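Residues in the sequence shown are numbered from 53 upward in steps of one, following my numbering.
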Amino acid sequence: MSPRDEIPLLRGQDGEGSVQVHLDADTRIEGAKVFSVYGKGGIGKSTTSSNLSAAFSMMGKRVLQIGCDPKHDSTFTLTGRLQATVIDILKDVDFHAEELRPEDYVAVGFNGVKCVEAGGPPAGTGCGGYVVGQTVKLLKQHHLLEDTDVVIFDVLGDVVCGGFAAPLQHADRAVIVTANDFDSIYAMNRIIAAVQAKSGNYKVQLAGCVANRSRETDEVDRYCARVGFNRLAHMPDIDAIRRSRLKKKTLFEMDDAEDVVMARAEYMQLANTLWQSVLRPGTTPAPLPDREIFELLGFD
53 MSPRDEIPLL RGQDGEGSVQ VHLDADTRIE GAKVFSVYGK GGIGKSTTSS NLSAAFSMMG
113 KRVLQIGCDP KHDSTFTLTG RLQATVIDIL KDVDFHAEEL RPEDYVAVGF NGVKCVEAGG
173 PPAGTGCGGY VVGQTVKLLK QHHLLEDTDV VIFDVLGDVV CGGFAAPLQH ADRAVIVTAN
233 DFDSIYAMNR IIAAVQAKSG NYKVQLAGCV ANRSRETDEV DRYCARVGFN RLAHMPDIDA
293 IRRSRLKKKT LFEMDDAEDV VMARAEYMQL ANTLWQSVLR PGTTPAPLPD REIFELLGFD
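This is how it looks when you write it as structure tokens:
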């Protein structure tokens, strides 16, 4: 065997360098509109996902939210508690999925939103993509996707590996949560690159971004204008968000303070925009090279 024969061929279906494990056709989600929410760690993806789920439910939609983070805190403002993860529940039955019932891993939260915490492998082991795949397989086995209008994946942090890009294989649209700063926009640029890679083989496209925890949106808007991206909503850094997290509630369960009413309206507008959006093939913007990001947003 020559040295060349020992080198793996890093050219998967997602392009050169890809060693991604691809989606089993039997686990495709059909019928529902599927959104994956991404963004830099700590940017407010879970807050955005949960309030977006609540807004869809207020529109009369049947909603399922899937948290994809070992922290398993994606849905706690919908349910008022931390729920066990799919991966931990599977461990308890020695991975005999046939022993599980829907109520073992699905909780019903605010206004009927179904909540699942997929969890993840222990630090440094396994793959988040496997966990997502097992979760969707369970949901299909128990026919929980057949009466669902909207599925929202709330995904851990920035896209740094194929495992956490796995929800993009299920999604119709990716929504990016960002702030009006360099690091958040840099992460958004990486996520756009991941969606671009997936869109060659899957139906996923970018819906746009949400400017979160930001007084202004000038830097976000400058980036969007440069790459041909859309800002769908703006959520200022308001105290209503902090209060809702402390109370373990969505904004839709809070008292009608001025900032709460304003935030609810923005989430309702975002949900309506996403529901009405139409897929247009070939509209995924191209990410900027790193040097151009620095030139666009950096300082002298």
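All C-beta atoms, glycine included, are put in the ideal place defined by N, C-alpha and C. Since the structure is predicted, the reported quantities are computational estimates derived from the model, not experimental observations.
Where residue i and residue j are concerned, what is the direct C-alpha to C-alpha distance, given to the nearest angstrom?
{"i": "V86", "j": "F147", "result": "27 Å"}
{"i": "R153", "j": "D270", "result": "48 Å"}
{"i": "G350", "j": "P339", "result": "17 Å"}
{"i": "G83", "j": "D224", "result": "11 Å"}
{"i": "D342", "j": "V279", "result": "13 Å"}
{"i": "T99", "j": "K250", "result": "26 Å"}
{"i": "L104", "j": "Y238", "result": "24 Å"}
{"i": "G260", "j": "A226", "result": "7 Å"}
{"i": "V158", "j": "Y182", "result": "19 Å"}
{"i": "Y275", "j": "E150", "result": "48 Å"}
{"i": "L258", "j": "D311", "result": "29 Å"}
{"i": "M110", "j": "R133", "result": "21 Å"}
{"i": "M240", "j": "M306", "result": "30 Å"}
{"i": "H195", "j": "Q135", "result": "21 Å"}
{"i": "F281", "j": "T131", "result": "33 Å"}
{"i": "A277", "j": "E347", "result": "15 Å"}
{"i": "F354", "j": "F234", "result": "For the chain, the structure presents residues 53 to 352; residue 354 sits outside this window and is missing."}
{"i": "V313", "j": "L298", "result": "18 Å"}
{"i": "E268", "j": "A285", "result": "12 Å"}
Taking Cβ to Cβ, would you say residue i is nearer than 8 Å to residue j?
{"i": "I345", "j": "A231", "result": "no"}
{"i": "V89", "j": "I204", "result": "yes"}
{"i": "A106", "j": "F162", "result": "yes"}
{"i": "V115", "j": "V165", "result": "yes"}
{"i": "D206", "j": "S329", "result": "no"}
{"i": "V138", "j": "L190", "result": "yes"}
{"i": "D199", "j": "K113", "result": "no"}
{"i": "K97", "j": "S236", "result": "no"}
{"i": "M287", "j": "A309", "result": "no"}
{"i": "T336", "j": "Q248", "result": "yes"}
{"i": "H124", "j": "E155", "result": "no"}
Since I believe residue j is in contact with residue i (beta carbons under 8 Å), could you give me their beta-carbon distance rounded to a whole number of angstroms?
{"i": "Q186", "j": "L142", "result": "7 Å"}
{"i": "S296", "j": "T127", "result": "Their Cβ separation, rounded to whole angstroms, is 14 Å, which puts S296 and T127 out of contact at 8 Å."}
{"i": "G171", "j": "P122", "result": "6 Å"}
{"i": "D273", "j": "R283", "result": "6 Å"}
{"i": "C167", "j": "Q117", "result": "5 Å"}
{"i": "C120", "j": "V184", "result": "6 Å"}
{"i": "L208", "j": "I81", "result": "Contact doesn't hold; Cβ gap of about 19 Å is too wide."}
Could you tell me which residues DSSP puts in a beta bridge with residue i?
{"i": "C261", "result": "I228, R283"}
{"i": "K166", "result": "L116, V160"}
{"i": "D206", "result": "V89, G119"}
Practice prompt. Would you be able to state if there are at least three C-beta pairs under 8 Å between the stretch 257-265 and the stretch 300-314?
Written response: no
Worksheet item: Below 8 Å, can you find three or more Cβ-Cβ pairs linking the stretch 317-328 to the stretch 246-255?
Response: No, they do not touch.
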